Amino acid sequence: MTDTTIDSAIDSPIAQAIADGTLPGRVWMYTNYHCNLACSYCLTESSPRSERRQLDHDTMLSVATQAKELGFTALGVTGGEPFLLPWLPETVLEMASHLPVVVLTNATLFSGERIERAAMMAHPDISVQISLDSHLPDVNDMARGDDNFAKVVEAVPKLIARGVRVRIATTTGGALDDPALDPLRELVAALGVAPDDHLVRPIVRRGRADELQLGVRARAQDIPSELTITADGAFWGSFGPTVRAGRLDTDLLLTRTVLPLSIPATALLGLLGGMPDGHDANLGIR
Amino acid sequence: MSRIELLDASTAPMTAQSFFSGGDPGPIVAALANVPELLGPTLGFIGAALGSGATSTRHKEFAILRTSALLGCRYCIHAHTTVALDVGLADVEVRALRGEVPLEEGFPDQAEQALVRWIDAMAGAGGQVPDDVWAAARASWADHLLVELSVTIGATMFLNRFATGFELPTSTGVLERLERDGFDTGMAVAS
Chain A
1 MTDTTIDSAI DSPIAQAIAD GTLPGRVWMY TNYHCNLACS YCLTESSPRS
51 ERRQLDHDTM LSVATQAKEL GFTALGVTGG EPFLLPWLPE TVLEMASHLP
101 VVVLTNATLF SGERIERAAM MAHPDISVQI SLDSHLPDVN DMARGDDNFA
151 KVVEAVPKLI ARGVRVRIAT TTGGALDDPA LDPLRELVAA LGVAPDDHLV
201 RPIVRRGRAD ELQLGVRARA QDIPSELTIT ADGAFWGSFG PTVRAGRLDT
251 DLLLTRTVLP LSIPATALLG LLGGMPDGHD ANLGIR
Chain B
287 MSRIELLDAS TAPMTAQSFF SGGDPGPIVA ALANVPELLG PTLGFIGAAL
337 GSGATSTRHK EFAILRTSAL LGCRYCIHAH TTVALDVGLA DVEVRALRGE
387 VPLEEGFPDQ AEQALVRWID AMAGAGGQVP DDVWAAARAS WADHLLVELS
437 VTIGATMFLN RFATGFELPT STGVLERLER DGFDTGMAVA S
């Protein structure tokens, strides 16, 4: 980026909206929708049989580059299970040369050669956010799949030992401050993850969670309005591009055009001007 | 049944919600809402091309209904048969534009005949518009009116293919009206 483009980013309406807190600074990308798991509350009904709806490497890099030029401050990568894409670690590393990146994963694929490939994400601007919902293996695995707990508690120390920053995300159907989560907090700390890197958030009633009537109902204004890019278009928030009964939800669709990124970013900014205050902070959706 | 999903207020993207706030916006908007960023520009163009302008509403309907009949667009023929009647075209004029009666029977006026023949050459055939067709139209209609009508014809051709390709459904109300007024609700095609 040249000095001129840095100046234009600082002066851009996007950058100003991020600076004044109107617009969240992170841009999310759904790399793919398929997953080796099929969690009960999954927003995207992901499973091994899901349609892939995959972003390619060049699109992800273009989003990262243009996000920085527009004044966004961070990137997020989610799915599906992103690490089903073998080229993802290199891509995340490239993206981190533009903006800090957090990558969401179930961490069940980090064995053998894959743990060594994941080690290339040992970078100050990369975090790997791993899902873990209970300190009780049976409870965790009931929602997330057989052996999930064991694979996660094995992968986390290995990643940390290789210099990868790990965050843990816990998704719960209960209260976010439920004391019943304390043993999980202790487990997370014992795995070597700092308390600030342990997120607890509610199940959002969209996708498969809606079918099973799980979690909290959320309106658009209750969902963080982070620009989210998928193979199907750009959405309001990472909780936007959900799938229900095999059909992509379009209610939180912004534009089908994803690049240039200024098109969906401008559409999002336009909506934010007329949106009443929501309750994303109260509901803890993140 | 449409070939594509027609969105409604519950499924329409948030960037398209304003088009649904007044109730069912019809199948063209419901289909276009699948690509919400196209709604505003496309409807703006269609509104300008088909709406009020320097050309009279009567002659705009010549262009719209005749083009739709030439392209065999069932949805547009249905919709604009009722519009043409509502803006004052006579039954026989509508039937002439639909190709159901000879042009001369519907339009004894030479200038209007020339206009319809020019529309036929613009919308119903490839290649050059014949000199005699152009000269006859140009003798009675000002340049700016023909330019405006050419945009109306082009926008109608887009709508014709959009509605036909996706098999957009005619509303029950329009079908009942057409049957009540004695119009064939099958495919009318001008020749």
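Respectively, the protein sequence lines represent chains A and B. Per this note's numbering, the first sequence starts with residue 1, numbered consecutively. Per this note's numbering, the second sequence starts with residue 287, numbered consecutively. Each residue gets a CB set at the ideal place from its N, CA and C atoms; glycine is no exception. Nothing here was measured: the structure is a model prediction, and the numbers come from that model.
In the structure shown, Pro327/B adopts helical secondary structure according to DSSP, grouped into three states.
Pro455/B has a beta carbon lying at 7 angstroms or more from every beta carbon in chain A. Within the stretch 311-339 of chain B, the residues whose Cβ lies closer than 7 angstroms to any Cβ of chain A are, in chain order, Val321, Pro322, Glu323.
Under the Cβ distance rule, Arg256/A counts among the residues neighbouring chain B, one pair being separated by less than 7 angstroms. According to the DSSP assignment, Gly392/B belongs to the alpha helix (DSSP H) that extends over 389-392.
Listed as beta-bridge partners of Trp28/A by DSSP are Gly76/A, Thr228/A. The Cβ atoms of Ala122/A and Arg162/A lie closer than 7 angstroms to each other.
With a beta-carbon spacing of about 12 angstroms, Ala64/A and Arg26/A fall beyond the 8 angstroms limit used to define contacts. Between Thr458/B and chain A, the shortest Cβ-Cβ separation is not below 7 angstroms.
Counting along the chain, the unbroken alpha helix (DSSP H) around Ser436/B starts and ends at 429-451. Remark: C-beta atoms of Leu325/B and Leu336/B do not approach each other more closely than 7 angstroms. What Ala220/A touches in chain B, judged by beta-carbon distance under 9 angstroms, is Met300, going in chain order.
Uninterrupted alpha helix (DSSP H) stretches at least 4 residues long and entirely within the stretch 185-245 of chain A occur at 208-211, given in chain order.
Flagged as an interface residue toward chain B: Thr250/A, by a C-beta distance shorter than 7 angstroms.
Rounded to the nearest whole angstrom, the CA to CA distance from Val152/A to Thr171/A is 15 angstroms. Burial state of Gly472/B is exposed, judged by a 10 Å Cβ sphere holding fewer than 16 other Cβ atoms. Chain-ordered listing is empty here: chain B has no CB closer than 8 angstroms to the CB of Leu261/A, the nearest sitting near 13 angstroms. Listed along chain B, no residue sits closer than 8 angstroms to Leu136/A by beta-carbon distance, the nearest being about 38 angstroms off. According to the DSSP assignment, Leu88/A belongs to the alpha helix (DSSP H) that extends over 88-96. Contact of Leu293/B with chain A by beta-carbon distance below 7 angstroms involves Thr250. In the three-state reduction of the DSSP assignment, Val321/B falls in the coil class. Under the Cβ distance rule, Leu253/A counts among the residues neighbouring chain B, one pair being separated by less than 7 angstroms. Taking one beta carbon from each stretch, the stretch 87-101 of chain A and the stretch 133-153 of chain A have fewer than 3 pairs nearer than 8 angstroms; the two do not touch. Taking CB atoms only, Thr297/B has a neighbour in chain A less than 7 angstroms away. Taking Thr257/A as the centre and dropping the five residues before and after it, the same chain places the C-beta of Gly233, Ala234, Ile263, Pro264 closer than 8 angstroms to its C-beta, in chain order.
Between His34/A and Leu88/A the beta-carbon gap is near 13 angstroms, outside 8 angstroms, which marks them as no contact. Within the same chain, Cβ atoms closer than 8 angstroms to the Cβ of Ala423/B are found at Ala400, Leu401, Arg403, Trp404, Leu432, the five residues on either side in sequence being excluded. Apart from the 5 residues on each side of it in sequence, Ala340/B sits with its Cβ closer than 7 angstroms to the Cβ of His430, Leu431, Glu434 in its chain, given in chain order.
In this structure the stretch 359-371 of chain B does not touch the stretch 391-400 of chain B; the number of beta carbon pairs closer than 8 angstroms is below three.
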